[in-house]
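For reference, the structure discussed in these notes is given below.
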Amino acid sequence: IDRVMSQYRAEGGRLREEISQLAETVKEVRQDPGARQPNPVSNRDEDYSRDI
Numbered sequence: 004i005d006r007v008m009s010q011y012r013a014e015g016g017r018l019r020e021e022i023s024q025l026a027e028t029v030k031e032v033r034q035d036p037g038a039r040q041p042n043p044v045s046n047r048d049e050d051y052s053r054d055i
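Numbering of the sequence shown is given in the numbering used here, commencing with residue 4 and proceeding in unit increments.
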């Protein structure tokens, strides 16, 4: 049980970090919409499932 709870807490920490980074990116884009450009769709063979 201790190991499972430790893994659960670690995953929660990773998710909080991802959300924090995402929130910062959204904040930056709202302040300067030209700051980030969308990724070009030049390579149709790339796996885009990670973006979903």
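Even for Gly, the Cβ is constructed at its ideal location relative to N, Cα and C.
What are the start and end residues of the alpha helix (DSSP H) that includes residue i?
i   : result
I22 : 5 to 34
Cα separation between residue i and residue j?
i   : j   : result
D5  : V29 : 36 Å
D35 : V7  : 42 Å
I22 : Q10 : 18 Å
L18 : R12 : 10 Å
Q24 : R33 : 14 Å
G16 : A26 : 15 Å
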